[in-house]
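Here is the structure we will look at, set down as structure tokens.
If you want it as structure tokens, here you go:
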């Protein structure tokens, strides 16, 4: 049922 | 020095209950504007972001910005001792090595003092882009918690779909499938305890999320009668609960994508 994406691929380090 | 007194100590108790299973250690970043916390779970799939503005405290003093690192499980055990009508005062020295939590009963007849060792936590802060979400669903927080619980019986993933008509939550697994549809509805007599379901829709959204994480987020249900779920296709969703009228707790969750 789909592969879990990582949050860090959406939000970069500030 | 840092010192902040929160008249509604039970808010802190509810916040800790909401985050302690998701995040082990976290920094409370204190500045003159208030307290914020940002932390990811260990698998970097979800993120919790807490804001408590200084004006929500009846006393707030922060001479210089400090990060107070704490083990949230230890803190939640201490904060569980807060009586529902107690005030809580948090204090820390300038380097955040030692944190004092003081609970006072409403009539002043009981005062308890707790000290927790501050931790040196090296956490990177993520830049969360500000986004206009395609669909924003506001619904009773207890209903959202119940849907996550009920669908977990069937599968580990929920597909959340918004349309003009309403929002559906669907799951499938080896046992079968389940689907729960909510239509937009008005609040009952504007009663905050019986909020309705509302959807602000720029564009329909259909996206898959892990129920395990959404269920973690619903531990924040006692904080507020309503929850807001903001979504756009292809980006993390945000589940937001207000913290009194002083801030919010937001949970971000990366979607599940096609293999």
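Residue numbers (the numbering used here), protein chains in the order written: chain Z, 1 to 14; chain W, 15 to 273. From the three backbone atoms N, C-alpha and C, an ideal C-beta is built for every residue, glycine too.
(1) Does the beta-carbon of residue 48 of chain W have 16 or more other beta-carbons within 10 angstroms, so that it is buried, or is it exposed?
(2) Would you report the Cα separation of residue 276 of chain W and residue 157 of chain W, rounded to the nearest angstrom?
(3) Could you confirm whether any beta carbon from chain Z is found closer than 8 Å to the beta carbon of residue 144 of chain W?
(4) Please classify residue 143 of chain W as buried or exposed, where buried requires at least 16 neighbouring CB atoms within 10 angstroms.
(5) Is it buried or exposed, residue 120 of chain W, if we count other Cβ atoms within 10 angstroms and call 16 or more buried?
(6) Can you pull the chain Z neighbours of residue 272 of chain W, defined as C-beta to C-beta under 9 Å?
(7) Rounding to the nearest angstrom, what Cα-Cα distance links residue 52 of chain W and residue 65 of chain W in this structure?
(8) Decide yes or no for the touch test of the region 211-224 of chain W against the region 18-28 of chain W: beta carbon pairs closer than 8 Å, at least 3 of them.
(9) Who are the near neighbours of residue 46 of chain W in its chain, counting only those whose CB is closer than 6 Å to its CB and skipping five residues on each side?
(10) Exposed or buried, what is residue 254 of chain W when buried is set at 16 or more other beta-carbons lying within 10 Å of its beta-carbon?
(11) With residue 93 of chain W as the anchor, note down where its alpha helix (DSSP H) starts and where it stops.
(12) Tell me which residue opens and which closes the alpha helix (DSSP H) that residue 227 of chain W is part of.
(13) Which ranges does the alpha helix (DSSP H) cover as unbroken runs of at least 4 residues, wholly within the region 215-271 of chain W, from first to last along the chain?
(14) From W:260, W:134, W:149 and W:172, pick the residue whose C-alpha is nearest to that of residue 42 of chain W; which is it?
(15) So, under 8 Å CB-CB, residue 148 of chain W and residue 245 of chain W are touching, yes? Tell me the CB distance rounded to an integer number of Å.
(16) Whole angstroms is fine: what's the gap from residue 262 of chain W's alpha carbon to residue 251 of chain W's?
(17) Can you tell which of W:152, W:175 and W:258 has the C-alpha that lies nearest to the C-alpha of residue 69 of chain W?
(18) If I measure Cβ to Cβ from residue 172 of chain W and keep anything under 6 Å in the same chain, skipping five residues before and after, which residues do I get?
(19) Using the C-alpha atoms, what's the distance from residue 177 of chain W back to residue 91 of chain W?
(20) Taking just the CA atoms, how far does residue 62 of chain W sit from residue 268 of chain W?
(21) Check for me: the beta strand (DSSP E) holding residue 48 of chain W runs from which residue to which?
(22) Is DSSP giving residue 69 of chain W helix, strand or coil here?
(23) Of the residues W:116, W:22 and W:59, which one's Cα is nearest the Cα of residue 230 of chain W?
According to the structure data:
(1) Within the second chain, numbered from 1, the residue matching residue 48 of chain W stands at position 34. The residue in question, residue 48 of chain W, is buried, as its Cβ has 16 or more Cβ neighbours within 10 Å.
(2) Absent from the structure is residue 276 of chain W, since the part of chain W shown begins at 15 and ends at 273.
(3) Here residue 144 of chain W refers to the residue found at position 130 of the second chain. So no, residue 144 of chain W is outside the interface.
(4) Residue 143 of chain W sits at position 129 when you count from the first residue of the second chain. By the 10 Å Cβ count, residue 143 of chain W comes out exposed.
(5) Position 106 of the second chain, counted from the first residue, corresponds to residue 120 of chain W. Looking at its Cβ environment, which holds fewer than 16 other Cβ atoms inside 10 Å, residue 120 of chain W is exposed.
(6) Numbered from 1 along the second chain, position 258 holds the residue referred to as residue 272 of chain W. By Cβ distance, chain Z contributes 2 and 3.
(7) Mapped onto the second chain, residue 52 of chain W falls at position 38. Mapped onto the second chain, residue 65 of chain W falls at position 51. Each residue's alpha carbon lies about 9 Å from the other.
(8) no
(9) In the second chain, counting from the first residue as 1, residue 46 of chain W sits at position 32. Around residue 46 of chain W: 76.
(10) Locating residue 254 of chain W in the second chain gives position 240, where the first residue counts as 1. Burial call: buried.
(11) Reading the second chain from its first residue, position 79 is the one you call residue 93 of chain W. First-last of the alpha helix (DSSP H) with residue 93 of chain W: 86-93.
(12) On the second chain, residue 227 of chain W is found 213 positions in, with the first residue counted as 1. Start and end: 225-231.
(13) 225-231
(14) Numbered from its first residue, the second chain carries residue 42 of chain W at position 28. Of the candidates W:260, W:134, W:149 and W:172, the one whose C-alpha sits nearest the C-alpha of residue 42 of chain W is W:134.
(15) As a working mapping, residue 148 of chain W is identified with position 134 in the second chain. As a working mapping, residue 245 of chain W is identified with position 231 in the second chain. Sure, about 7 Å apart at Cβ, within 8 Å.
(16) Residue mapping note: residue 262 of chain W aligns to position 248 of the second chain, counting from 1. Residue mapping note: residue 251 of chain W aligns to position 237 of the second chain, counting from 1. Each residue's alpha carbon lies about 16 Å from the other.
(17) Position 55 of the second chain, counting from 1, holds the residue named residue 69 of chain W. Selected option, being the one with the closest Cα: W:258.
(18) Working through the second chain from its first residue, we reach residue 172 of chain W at position 158. Contacts found: 165, 183, 185, 223 and 225.
(19) Stepping through the second chain from its first residue, residue 91 of chain W is reached at position 77. Stepping through the second chain from its first residue, residue 177 of chain W is reached at position 163. Near 42 Å, if we compare the C-alpha coordinates of residue 177 of chain W and residue 91 of chain W.
(20) On the second chain, position 254 is the one that residue 268 of chain W refers to. On the second chain, position 48 is the one that residue 62 of chain W refers to. Roughly 12 Å between the two C-alpha positions.
(21) Counting from one through the second chain, the residue named residue 48 of chain W turns up at place 34. Note, residue 48 of chain W: beta strand (DSSP E), 48-54.
(22) Translated into positions along the second chain, residue 69 of chain W becomes position 55. DSSP places residue 69 of chain W in helix when its eight states are reduced to three.
(23) Along the second chain, one-based indexing puts residue 230 of chain W at 216. Looking at the Cα atoms, W:59 is the closest of the given residues.
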